[in-house]
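Enquirer: Provided herewith is a single structure, encoded as structure tokens, for subsequent inquiry.
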Amino acid sequence: MATAMAGRGLSFIRNIFHSRLQVPGVGPQQLSCVHTTTSLESKHWERRNLKVYPPQLPDEPRRPAEIHHSRRQIKYSKDKMWYLAKMIRGMSIDEAVAQLEFNDKKGAKIMKEVLLEAQEMAVKNHNVEFKSNLYVAESFSSKGMYLKRIRYHGRGMFGIMDKVYCHYFVKLVEGSPPKKEEKTSFDQAKEYVQGLKNRTIIHSL
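Shown next as structure tokens:
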């Protein structure tokens, strides 16, 4: 009896996970996995280059070009890549390439190649007149596909290790980089106090 109940419970849970959603106007869809906003945006990062804007009015300022580029499955840690991505965020394209040129990390060389590829795309495909008139608007890394391998130890023991990979995404915008807002000591103190208020205290009420 208990075995039959357990079997029914497992089949019920399986039916929930493999059920189909009926969306209005769309056919039934398989619930394969749950996506976050970040994963959805990075999944279709290059498709943003195909976005078509409506025609501008004669008195409107010219819309700056935007170039989205990425490189996926890089044999490098996403955390190490994040520090480099944060460093060049908000820099002009020439300054970012110069900073990465004199950085001896492996990720810096890969990131420099991606920036140069995006710069070439801007001139060829996005009608950017001057290739130096670009700045890094967005720059971030995300987790790639991890491969599990066996690490052998002594006395017949073994462990599981991960071969880590990461993705790198960059967005270049035509124009000069925006100036950073200078914060006063009072503004910095307010941010510090707000950060203390927003922190999570474990096992608290």
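To convert, note that position 159 of the sequence shown is 159 in UniProt numbering; the numbers rise steadily by one, no gaps.
Just so you know, even glycine gets a beta-carbon here, dropped at the ideal spot from N, CA and C.
Just so you know, these numbers come straight off a predicted model, no measurement behind them.
Do Ser-141 and Met-81 count as a contact pair if the criterion is CB distance below 7 Å?
Expert: Their beta carbons are under 7 Å apart, which means Met-81 touches Ser-141 by this criterion.
Enquirer: How far does the alpha helix (DSSP H) with Ala-108 in it extend, from its first residue to its last?
Expert: It spans 106–125 - the alpha helix (DSSP H) in which Ala-108 sits, taken as one unbroken run.
Enquirer: For Val-136, write down the residues that DSSP places opposite it in a beta bridge.
Expert: Answer by DSSP bridge pairing, in chain order: Leu-172.
Enquirer: At a cut of 8 Å, does the region 67–81 reach the region 126–145 through at least three beta carbon pairs?
Expert: Counting Cβ pairs under 8 Å, three or more are found: they touch.
Enquirer: Skipping 5 residues on each side, what residues in its chain have a beta carbon closer than 6 Å to that of Gly-107?
Expert: The residues are Tyr-76, Lys-80, Met-81 and Leu-84.
Enquirer: Quick one: residues in its chain with C-beta nearer than 8 Å to the C-beta of Arg-151, no 5 flanking neighbours on either side, listed in chain order?
Expert: The answer, listed in chain order, is Phe-158, Gly-159, Ile-160 and Met-161.
Enquirer: Starting from the Cα of Leu-134, find the closest Cα among Lys-51, Phe-102 and Arg-89 and give me that residue.
Expert: Answer by Cα proximity: Arg-89.
Enquirer: In or out: Ser-139 buried (at least 16 other Cβ within 10 Å) or exposed?
Expert: Label assigned to Ser-139: buried.
Enquirer: When burial is assigned at 16 or more other CB atoms within 10 Å of the CB, is Pro-24 buried or exposed?
Expert: With a pLDDT of 45 at Pro-24, under the threshold of 50, the modelled position of this residue cannot be trusted, and the question is left open.
Enquirer: Beta strand (DSSP E) containing Glu-66: first to last residue?
Expert: Counting along the chain, the beta strand (DSSP E) containing Glu-66 begins and ends at 66–74.
Enquirer: Quick check on the DSSP output: the beta strand (DSSP E) that includes Thr-195 runs from which residue to which?
Expert: Sequence check: residue 195 is Gly here, not Thr. Unbroken run through Gly-195 is the alpha helix (DSSP H), 185–198; no beta strand (DSSP E).
Enquirer: Quick one: what's got a C-beta closer than 7 Å to Pro-54's C-beta in the same chain, skipping five residues either side?
Expert: Closer than 7 Å at the Cβ level, and outside the excluded window around Pro-54, lies no residue.
Enquirer: Please classify Tyr-168 as buried or exposed, where buried requires at least 16 other C-beta atoms within 10 Å of its C-beta.
Expert: Tyr-168 should be labelled buried.
Enquirer: What distance in whole Å lies between the Cβ atoms of His-69 and Val-170, which are believed to be in contact at a cut-off of 8 Å?
Expert: Right, their Cβ atoms sit about 6 Å apart.
Enquirer: Which residues mark the beginning and the end of the beta strand (DSSP E) in which Tyr-152 is found?
Expert: That run of the beta strand (DSSP E) goes 147–152.
Enquirer: Taking the continuous beta strand (DSSP E) assigned at Met-161, which residues delimit it?
Expert: Where Met-161 is concerned, the enclosing beta strand (DSSP E) stretches over 158–163.
Enquirer: Less than 7 Å between C-beta atoms, sequence neighbours within five positions excluded: which residues of the same chain meet that for Gln-188?
Expert: There are no such residues.
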